[in-house]
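Enquirer:
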Amino acid sequence: MKVVSLNAWGGRLHEDMIAWLAETRPDILCLQEVVHTPDAPAEWLKYRDDGMDLLQRADVLGDVKRALPGHFAHFCPAAKGELWHGDVPVQTLWGLATYIRKDLTVVSQAQGFVHGQFSPNGFGDHPRSRTAHAVRVYDPDEGMLSVAHMHGLRDPMGKMDTPMRRIQAGKFVSMIQGVIAPGEKLAVCGDFNILPGSETLRLLAPVAPYELVTTRGFDGTRTSHYGKAEKFADYMAVNGPLKDAAFDVIRDPEISDHCPLVLDTA
1 MKVVSLNAWG
11 GRLHEDMIAW
21 LAETRPDILC
31 LQEVVHTPDA
41 PAEWLKYRDD
51 GMDLLQRADV
61 LGDVKRALPG
71 HFAHFCPAAK
81 GELWHGDVPV
91 QTLWGLATYI
101 RKDLTVVSQA
111 QGFVHGQFSP
121 NGFGDHPRSR
131 TAHAVRVYDP
141 DEGMLSVAHM
151 HGLRDPMGKM
161 DTPMRRIQAG
171 KFVSMIQGVI
181 APGEKLAVCG
191 DFNILPGSET
201 LRLLAPVAPY
211 ELVTTRGFDG
221 TRTSHYGKAE
231 KFADYMAVNG
241 PLKDAAFDVI
251 RDPEISDHCP
261 LVLDTA
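Residue numbers for the sequence shown follow full-length UniProt numbering, beginning at 1 and rising by one.
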């Protein structure tokens, strides 16, 4: 099975992202930074925060569902806040989503918050609430596979280890442990918003000890659309049955300010 992890960047490179996903057709897509605006007044809205005024696709969730008609989507909202259509505020859900090929059997799953709780009255101050999703699926050809992803909290001070990140990692590990079974394949991924060597990766090691971005020699996971010097944010950690699996960080085409991470579990 092909597992892809990607921060969608609010769909800002919509056409390129949708074209790549439709061509790649991952069996399981772990998508972070997903916008969902039911009955949106326009296809594009604006996100305003800390002096930024950024275009966002109004319904990334639906855009990707249409690009992957053979998948079902599990949406995990973290907050409901305002995007803007001109001077008109538009209530919008924001979170992550997992797209799973329809002929895969979902045996078990867990969804929950690794930081904060659902915020129905605005996105809130940073560090904002973060959610995660873990799913265990059965494929007749490969057997069982568990995949878990999260969008790690953003700290305005940086990507260093903090007590909140330690708690977040502990909650994520507990969620994963509630889904996996001994000896089966496991992939843990997402935009963790941390640096290589982070405590978060050490805390994930009991369930997924092999982190593939750093150990396979990749020099980062950010594209040219990201202007800061630090280029690491996204990670793919696996357990023993997948430690030698094919893996790549896709740099071309650029479909976000994050690179897609692609794991082949076969």
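From the three backbone atoms N, C-alpha and C, an ideal C-beta is built for every residue, glycine too. It should be emphasised that the depicted structure is a prediction, and the values quoted were computed from it without experimental measurement.
Give me the Cα-Cα distance between Pro182 and Val173, rounded to the nearest whole angstrom.
Expert: Distance between the alpha carbons of Pro182 and Val173 is about 15 Å.
Enquirer: Taking C-beta to C-beta, are Cys76 and Leu96 nearer than 8 Å?
Expert: The answer is yes: Cβ separation under 8 Å.
Enquirer: Give the range of the beta strand (DSSP E) segment to which Leu54 is assigned.
Expert: Met52 to Arg57 is the extent of the beta strand (DSSP E) around Leu54.
Enquirer: Excluding the five sequence neighbours on either side, which residues of its own chain have a C-beta within less than 7 Å of the C-beta of Ala132, listed in chain order?
Expert: Result list for Ala132: Gly112, Val114, Ala148, His149, Met150, Phe172 and Met175, in chain order.
Enquirer: Please name the residue or residues paired with His225 in a DSSP beta bridge.
Expert: Answer is none; His225 lacks a bridge partner.
Enquirer: Using the beta-carbon count (16 or more within 10 Å), is Val88 buried or exposed?
Expert: Its Cβ having fewer than 16 others within 10 Å, Val88 is exposed.
Enquirer: So, His71 versus Arg48, is the Cβ gap smaller than 8 Å?
Expert: Cβ distance not < 8 Å, so His71 and Arg48 don't count as in contact.
Enquirer: Glu211 bridges to which residues according to DSSP?
Expert: In the DSSP output, where bridge partners are listed per residue, Glu211 has Ala237.
Enquirer: Once DSSP output is grouped into helix, strand and coil, what is the label at Val173?
Expert: Correct three-state label for Val173: helix.
Enquirer: Please state whether the Cβ-Cβ distance between Arg57 and Gly10 is less than 8 Å.
Expert: Yes. Within cutoff.
Enquirer: Among residues of its own chain, excluding the 5 on either side of Ser129, which ones have a beta-carbon nearer than 7 Å to its beta-carbon?
Expert: Closer than 7 Å at Cβ, skipping near neighbours: Ala78, Ala79, Phe113, His115, Gly116, Gln117, Phe118 and Ser119.
Enquirer: Residue range of the beta strand (DSSP E) that Arg216 falls in?
Expert: That residue, Arg216, is in no beta strand (DSSP E); it is neither H nor E in DSSP.
Enquirer: Under a three-way DSSP split, which group does Ile64 fall into?
Expert: The sequence shown places Val at residue 64, rather than the Ile named in the question. Here Val64 sits in helix by DSSP.
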